[in-house]
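Colleague: Read in my numbering, the sequence shown has 139 at position 139, and its numbers run on one by one without any break.
Glycine included, C-beta positions come from ideal geometry on N, C-alpha and C.
Can you read through this structure? Questions will come right after.
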Amino acid sequence: MNPIKIIAWLVMLACVNAIAAAEPEMSPKARAMLESGGPSFQGKRLYTGPHRTPRKMDGLTIVGYNYTDSYIGAFSVNGAGGGNLEVSSKTSGGGGGTCCAAIPADTALPMTLDIAWKRDGQVPWCRQTILLDGPVPTEPQYLEVHFYQDGTIQAAMSEYPSPPRVKLDRVSYVKRKASGNVNNDGKYGSCGHDN
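Listed below in structure tokens is the structure:
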């Protein structure tokens with residue numbers, strides 16, 4: 001093994017032990033994750049940066065933003081329903097708020113979120129695992145889920161629902177353009193699942 005990697009591992013282990021000793025009020029789940037070396041994503045250990053979820057945090061209201069070309073009939077975050085999403089406009093992300101995303105308090109970020117969604121009238125669901133990272137507001141109230149035209153999905157915590165990140169025109173609440181709408185659901189996600 002590379003000597004630099006060994007030194008980095010020993011430094012990380014010392015930091016983990018120092019944090020664990022200094023944080024007697026840490027939740028058992030957070031302590032277990034910290035002692036295991038932190039979270040992993042697609043088989044790779046994640047660097048957990050300076051961001052953590054607040055020590056005292058209730059469930060977050062899920063609010064969706066649909067920058068794709070067509071209506072999303074339903075979506076969920078870690079199994080919690082996020083409702084349906086109209087195609088966004090220049091002033092609206094396309095969805096309302098639903099309760100509640102169970103994001104654990106006092107947890108190092110990034111952490112993984114499992115997003116599932118389906119288009120209106122289509123039985124198979126699509127799934128994508130994404131990372132939730134900081135920055136973290138002082139008192140987060142919302143978990144925003146942003147569906148982009150290229151098939152990527154991003155999530156962020158906020159104190160208030162944000163304006164749309166992408167301001168696009170639409171012809172109706174169910175489609176972006178009169179014709180030529182594109183569906184990139186399978187580009188980063190996998191589709192054809194039962195929910």
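Considering Cα atoms alone, identify which of 84, 186, 142, 83 is closest to residue 59.
Modeller: It is 142 whose Cα lies nearest to the Cα of residue 59.
Colleague: If you run the structure through DSSP and keep just helix, strand and coil, what is residue 106?
Modeller: Note: residue 106 maps to coil in three-state DSSP.
Colleague: Mind pulling the alpha helix (DSSP H) runs of 4 or more residues that sit fully within the segment 70-127?
Modeller: The qualifying runs do not exist here; there are none.
Colleague: Based on Cα-Cα distance, which residue from 76, 145, 127 lies nearest to residue 192?
Modeller: The option with the nearest alpha carbon to residue 192 is 127.
Colleague: Would residue 180 be called buried (16 or more neighbouring beta carbons within 10 Å of its own) or exposed?
Modeller: So residue 180 ends up on the exposed side.
Colleague: Does DSSP put residue 186 in a helix, a strand or coil?
Modeller: Looking at residue 186 - three-state DSSP - the assignment turns out to be helix.
Colleague: Using 8 Å as the cut-off, can you tell me whether the segment 63-70 makes contact with the segment 92-106, which would need three or more C-beta pairs spanning the two stretches below that distance?
Modeller: Yes, the segment 63-70 touches the segment 92-106.
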